[in-house]
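In my numbering, the protein residues as written are 364 to 669. Glycine is no exception: its CB is placed at the ideal position from the N, C-alpha and C atoms.
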């Protein structure tokens with residue numbers, strides 16, 4: 364079962380054999396024997412690639428559940444003597460992943476030599492079960508209550524503009540004045556920007572000639588004086604510290620962003636996934652590095668409702 368799982372995750376018999384430190388022929392015979400025992404084809408082979416059959420895809424999920432339970436049981440019995448092993452597949456948002464997850468993985472892997480880590484950098488919210496991801500990081504002010512998740516950090520949205528833009532177009536003093544400015548928003552986003560005004564959340568429609576599907580691209584456009592952007596603090600912090608951007612409307616709080624580790628709802632949480640989640644939560648903590656030395660903004664402490 365474990366050999367089949369490794370072949371499915373690695374995408375080849377050769378890669379699985381290398382990972383398991385076995386001969387390729389032994390891996391091939393093991394999977395063939397499993398198929399014979401089950402009486403069904405699990406893997407469709409060709410000269411250049413392999414893919415799971417529909418039966419193989421279903422069996423793979425069952426294998427993950429069973430092996431995760433075995434791993435958890437062994438870990439409980441062995442305590443600190445149990446060494447975590449296996450692959451963790453993690454989906455991470457592009458900008459956050461490159462800036463704040465990738466720099467942490469070296470220390471984690473050094474502490475767990477039996478683990479492999481596969482990071483998928485993608486801003487899309489994919490289905491964890493269909494993609495085979497063990498966990499994903501989601502950053503949002505409103506997490507779907509049906510998701511199995513753990514909060515591992517926080518950030519805040521900041522409204523930002525360059526000194527050059529503000530010198531040419533003036534500084535908005537109230538969120539409603541954003542309607543008269545060039546605002547840099549996300550592609551396909553129809554959601555207004557939200558601010559805490561006079562004791563309630565106000566939705567503020569914005570407009571602009573430039574949109575993008577990546578926060579770093581929008582931040583760069585703001586640095587170049589093309590408009591006002593609203594970006595999370597984990598992206599904005601370096602530009603603020605250097606003076607390339609300034610906080611606009613600091614007296615009007617915006618919704619706090621929760622950084623969450625989310626998990627497939629149909630799968631037992633393995634010890635290795637728990638270990639990586641604990642590590643990220645400990646490193647990010649209640650005072651993440653990107654919040655240090657930023658201009659103060661009074662948080663409303665009120666739940667955001669869109």
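Just to confirm before moving on: does the CB-CB distance between residue i and residue j stay below 8 Å?
i	j	result
residue 456	residue 502	yes
residue 592	residue 523	yes
residue 430	residue 364	yes
residue 568	residue 542	yes
residue 646	residue 596	no
residue 500	residue 600	no
residue 571	residue 540	no
residue 588	residue 527	yes
residue 590	residue 573	yes
residue 506	residue 475	no
residue 611	residue 535	yes
residue 413	residue 423	no
residue 421	residue 454	no
residue 498	residue 626	yes
residue 472	residue 480	yes
residue 683	residue 383	The requested residue 683 does not occur in the structure, where the chain is confined to residues 364 to 669.
residue 397	residue 385	no
residue 559	residue 613	no
residue 380	residue 387	yes
residue 478	residue 464	no
Just verifying my parser: in three-state terms, what is the DSSP assignment at residue i?
i	result
residue 470	helix
residue 517	strand
residue 587	coil
residue 522	strand
residue 538	helix
residue 372	helix
residue 510	coil
residue 615	coil
residue 595	strand
residue 310	One cannot answer for residue 310 here, as it falls past the ends of the chain, which runs 364 to 669.
residue 640	helix
residue 566	strand
residue 632	coil
residue 364	coil
Terminal residues of the continuous alpha helix (DSSP H) containing residue i?
i	result
residue 625	No alpha helix (DSSP H) contains residue 625, which is instead part of the beta strand (DSSP E) from 619–626.
residue 493	491–494
residue 650	Per DSSP, residue 650 belongs to no alpha helix (DSSP H) and is neither H nor E.
Among the options, which residue has its Cα nearest to the Cα of residue i?
i	options	result
residue 450	559, 537 and 496	496
residue 547	475, 536 and 525	525
residue 555	618, 517 and 512	618
residue 484	458, 492, 508 and 467	458
residue 512	521, 532 and 491	491
residue 649	621, 561 and 626	621
residue 409	403, 389 and 376	376
residue 487	460, 366, 387 and 508	460
residue 452	393, 402, 395 and 369	369
residue 634	401, 428, 407 and 383	428
residue 537	652, 549, 565 and 517	565
residue 608	615, 616, 371 and 594	594
residue 580	560, 602, 382 and 561	602
residue 418	371, 504 and 578	371
Taking residue i as part of the beta strand (DSSP E), name the residues at either end of that continuous run.
i	result
residue 609	609–611
residue 573	That residue, residue 573, is in no beta strand (DSSP E); it is neither H nor E in DSSP.
residue 498	498–503
residue 694	Missing from the structure shown is residue 694; the chain here goes from 364 to 669 and no further.
residue 547	546–549
Is any non-hydrogen atom of the ligand FAD found closer than 7 Å to the C-beta of residue i, if you look at the structure I gave you?
i	result
residue 520	This structure lacks the ligand FAD; in fact it carries no ligand of any kind.
Can you list the alpha helix (DSSP H) stretches of 4 or more residues lying completely in the region 382–464, in chain order?
387–401 and 417–441
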